[in-house]
Amino acid sequence: MPHLSFEYSANLEPAADLPGLCAALRDAMVGTGLFPLGGIRIRGFRADHWLIADGAGADDAFLHMTASIGAGRSAQDRTAAREAIYAAAETWLRPRLAGRPFALSLDLQEIAPGAGEKRWNTVHDRLGTRSSASN
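Going by numbering that gives the first Met the number 0, the residue at position 24 of the sequence shown is 23; the numbering climbs one at a time, nothing skipped.
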């Protein structure tokens, strides 16, 4: 943990540089100091069918992020993480999508203790950063 997923309208692909966005989001998550590098996962899912508002804007686009993190961080840390992730996405996307109708959103969800499992992760070993704080 943490895992950050985003879904986006397919019409973003030509302009948004989504691989670059993934890197910017990872950098923001690492920059918070709250998450171990080896636990970060970022993935994007394209929506081939969508409708925004009244459906009249053929160029309307969206990107919605969901960040799932392990329990135990303070409200202040959760707010800081949410703000850092959102700011990174906005900073990356704003110049690429200037002038077009667009909606950006983020939900940060804390996973309840005992609600998930994550025993097998050898990425920490590859990075040489085995950490007991893997959420």
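Every residue, glycine too, gets a C-beta built ideally from N, C-alpha and C.
Here the structure is a predicted model, which means the values were calculated and not measured.
Beta-carbon separation (whole angstroms), residue i vs residue j, contact threshold 8 Å
i     : j     : result
TYR7  : ARG45 : 6 Å
ALA88 : LEU24 : 6 Å
ILE68 : PRO1  : 4 Å
ASP47 : ALA15 : Actually they are not in contact, since the Cβ atoms of ASP47 and ALA15 sit about 16 Å apart, beyond 8 Å.
ARG72 : LEU33 : 6 Å
LEU3  : ILE84 : 7 Å
ASP58 : ARG99 : 5 Å
Beta carbon of residue i nearer than 8 Å to that of residue j
i      : j      : result
PHE5   : ALA60  : no
ALA70  : ALA22  : no
LEU206 : LEU103 : A query on residue 206 cannot be resolved here, the shown segment of the chain reaching from 0 to 134 and no further.
LEU20  : LEU96  : no
Strand pairing of residue i, partner residues [DSSP]
i    : result
HIS2 : ARG40 and SER67
Check your understanding: When the Cβ atoms of the segment 27-34 are set against those of the segment 100-117, are three or more pairs found closer than 8 Å?
Key -> As far as the Cβ criterion goes, the segment 27-34 does not touch the segment 100-117, which means the pair count is below three.
Review point. Which runs of the beta strand (DSSP E) spanning at least 3 residues fall entirely within the segment 57-116, listed in chain order?
Key: 60-69 and 101-110
Practice item. Would you check if there are 3 or more beta carbon pairs closer than 8 Å linking the segment 57-69 to the segment 104-113? Key: yes
Exercise for review: Go through the segment 8-53 residue by residue and report every complete run of the beta strand (DSSP E) that reaches 3 residues or more, in order.
Suggested key: Runs found: 40-46.
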